[in-house]
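Following: one structure in structure tokens, then a few remarks.
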Amino acid sequence: SVFDNGDARGAEQPAFASQKYSRAVIYKIDQQNKTVEQIWEYGKNRGNEWFSPVTSLTQYEPDKDSIMVYSATAGMAFDLSKGVSLGEPKPEIDEFNWGAKEPSVQIQF
99 SVFDNGDARG AEQPAFASQK YSRAVIYKID QQNKTVEQIW EYGKNRGNEW FSPVTSLTQY
159 EPDKDSIMVY SATAGMAFDL SKGVSLGEPK PEIDEFNWGA KEPSVQIQF
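Heads up, the sequence shown is in the working numbering, so the first residue is 99 and it goes up one at a time.
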């Protein structure tokens, strides 16, 4: 599992900061055949309002057969030239039943 924060995805920045987005991603890794396959993702369709540039997590919970996603700094932008954050973060925890496209539990702080 990976939290792809969307900053410099593919080694290039989008044309506008408002085009950045974050994703929670689950990959299937076949070590024998040396392949990686993306099997689940969430967040791209939420766009910039869920963009979380730092301190986030995606984790599969086998005892619940669910995926936990923590987006710590969702909605907070940064002015890199000044080294300051813009706006307040809107942290969010989401739990997804395995394979679900929308969260079964969503907690916003």
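Idealized CB from N, CA, C, for every residue including glycine. Predicted, not measured: the structure shown is a model, and the values here were computed from it.
What are the residues that DSSP puts in a beta bridge with residue i?
i	result
Tyr158	Ile165
Gln206	Glu190
Phe101	Ala122
Cα separation between residue i and residue j?
i	j	result
Trp148	Gln129	32 Å
Ser48	Glu190	Since the first residue shown for the chain is 99 and the last is 207, residue 48 is missing from the structure and cannot be characterised.
Val123	Asp192	13 Å
Pro160	Lys180	43 Å
Met174	Val182	11 Å
Val167	Glu110	25 Å
Asn143	Asn131	32 Å
Thr133	Ser99	15 Å
Tyr140	Lys199	7 Å
Phe207	Gly185	15 Å
Ser150	Arg121	9 Å
Ser154	Ile205	14 Å
The beta strand (DSSP E) that contains residue i, what's its start and end?
i	result
Arg144	Unbroken run through Arg144: none, as it is neither H nor E.
Trp138	133 to 140
Ala175	175 to 177
Ala122	121 to 128
Decide if residue i is buried, meaning its Cβ has at least 16 other Cβ atoms within 10 Å, or exposed.
i	result
Ser169	buried
Phe194	buried
Trp196	exposed
Phe114	exposed
Asn103	buried
Compute the minimum distance between the beta carbon of residue i and the heavy atoms of the ligand NAD, and state whether it is under 6 Å.
i	result
Trp138	The ligand NAD is not among the ligands present in this structure, which contains no ligands whatsoever.
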